Amino acid sequence: MAETAFLDGPNARLAYAFTPGSGPVVVFLSGYKSDMEGTKAVHLEAWAEARGRAFLRLDYSGHGQSGGVFEEGCIGDWAADAQAVIEAVTEGPLLLVGSSMGGWIASLLTQRLGARVAGFVGIAAAPDFTEDGFWAGFSEEERTKVMEEGVTYLPSAYGDPYAVTRRLIEDGRDNLVLRAPLPMPYPVRLLQGSGDEAVTRETLLALFDHIDSPDLRLSLVKGADHRFSEPGNLAMIEAAILDVLGAPAA
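Under UniProt numbering, the first residue of the sequence shown carries the number 1, and numbering increases by one thereafter.
This is how it looks when you write it as structure tokens:
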């Protein structure tokens, strides 16, 4: 496992782990309240290292080992954090692997990093969830609470309640990606489980429909949940990465 290193990012001191190797660099972008010590991130790092492939995982500000306060962050901050680490640590082509919110972050980075991006793998990708998930699902009372008091809390099936802040909602509106075509002129693979209770199939299909790619494929896995971390799921992620890279599975 690569050692954790740190750099001064745009919002806080940021933690990351980089494994050198051949490119494109596989960049794992984790989800909302998740971090680079999650099952998928650590598994894919070991998998990449065994194949001599460059790999980067990182913690956004307010997540994991990075500085900052989670409740003070937002999508724009976390995308800027990821971009800062990528630009400071890596060179050459990139394959972005985005899990849940990381799929939204990756979608933003495909626009900001331009020609450096050589492929995208989305795992239960959750673009625009602050607007189409949180805000759309709020009652009028919850909407009033978050806008007037600055925060409300939602239950989570995967840990502590989610803190949803007014800043998160308002910044999310500035970073929506499902309101216009998403040009991705390279291979794209989208993976999701049918048992995902956090990201709907409608979101998955909306992302599929908005991505403009010459090689776009979607896989919906019967029974898999939002974590998408069972052994068979991890093998599918590996296969998707190899497929995007045009590399043999063996």
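For glycine and all other residues, C-beta sits at the position ideal for the given N, C-alpha and C.
Note that the structure is a prediction, hence the values are computed from the model and not measured.
Item: Range covered by the alpha helix (DSSP H) that runs through LEU176; Value: Neither: LEU176 is in no alpha helix (DSSP H) and is coded neither H nor E.
Item: Option nearest GLY73 by Cα separation, candidates TYR32, GLN83, ARG112; Value: TYR32
Item: Reference GLY64, options THR4, ALA106, THR90, ALA50, closest by Cα; Value: THR4
Item: The region 137 to 145 in contact with the region 99 to 116 per 3-pair CB rule at 8 Å; Value: no
Item: Beta-bridge pairing of TYR186 - partner residues as DSSP gives them; Value: According to DSSP, which records beta bridges pairwise, TYR186 is partnered with nothing at all.
Item: The region 70 to 84 contacting the region 38 to 57, beta-carbon criterion three pairs below 8 Å; Value: no
Item: LYS40 burial status per 10 Å Cβ neighbour count (16 or more: buried); Value: buried
Item: Status (buried if at least 16 other CB within 10 Å, exposed otherwise) for ARG179; Value: exposed
Item: Of the residues ASN11, THR200, ASP59, LEU94, the one placed nearest SER34, counting alpha carbons only; Value: ASP59
Item: Limits of the unbroken beta strand (DSSP E) element including THR19; Value: 13 to 19
Item: Same chain, Cβ closer than 7 Å to VAL244, neighbours up to 5 away in sequence not counted; Value: LEU95, GLY119, VAL121, PRO187, ARG189
Item: Whole-angstrom distance between MET36 and GLY52, CA atom to CA atom; Value: 20 Å
Item: Enclosing beta strand (DSSP E) for residue 254 [first to last residue]; Value: Not covered by the structure: residue 254. The range shown for the chain is 1 to 250.
Item: Where the beta strand (DSSP E) containing ASP8 begins and where it ends; Value: 5 to 8
Item: Between the CA atoms of ASP212 and GLY67 - distance to the nearest angstrom; Value: 36 Å
Item: Contacting residues, own chain, Cβ-Cβ under 6 Å from PRO183 (five flanking each side not counted); Value: ASP212
Item: GLN111 in three-state terms, based on DSSP; Value: helix
Item: Beta-carbon contacts of GLU62 that lie in its chain and below 6 Å, excluding the five residues immediately before and after; Value: Here residue 62 turns out to be Gly, not Glu, going by the sequence shown. These residues qualify, in order along the chain: GLY68, VAL69, PHE70, GLY73.
Item: Cβ-based neighbour list, PRO155, same chain, cut-off 7 Å, excluding 5 preceding and 5 following; Value: PRO161
Item: Cβ neighbours of residue 263 in the same chain (closer than 7 Å, five flanking residues each side left out); Value: Residue 263 lies beyond the stretch modelled for the chain, which goes from 1 to 250, so this question has no answer here.
Item: Spatially closest choice to ASP81 from SER99, VAL177, SER100, LEU109, by CA coordinates; Value: LEU109
Item: Supposed contact pair ILE86 and VAL27 - C-beta distance, whole angstroms, cut 8 Å; Value: 6 Å
Item: The beta strand (DSSP E) enclosing VAL146, as first and last residue numbers; Value: Run containing VAL146: none in the beta strand (DSSP E); it sits in the alpha helix (DSSP H), 140 to 149.
Item: Sequence ranges, alpha helix (DSSP H) only - wholly within the region 20 to 53, length at least 4; Value: 39 to 50
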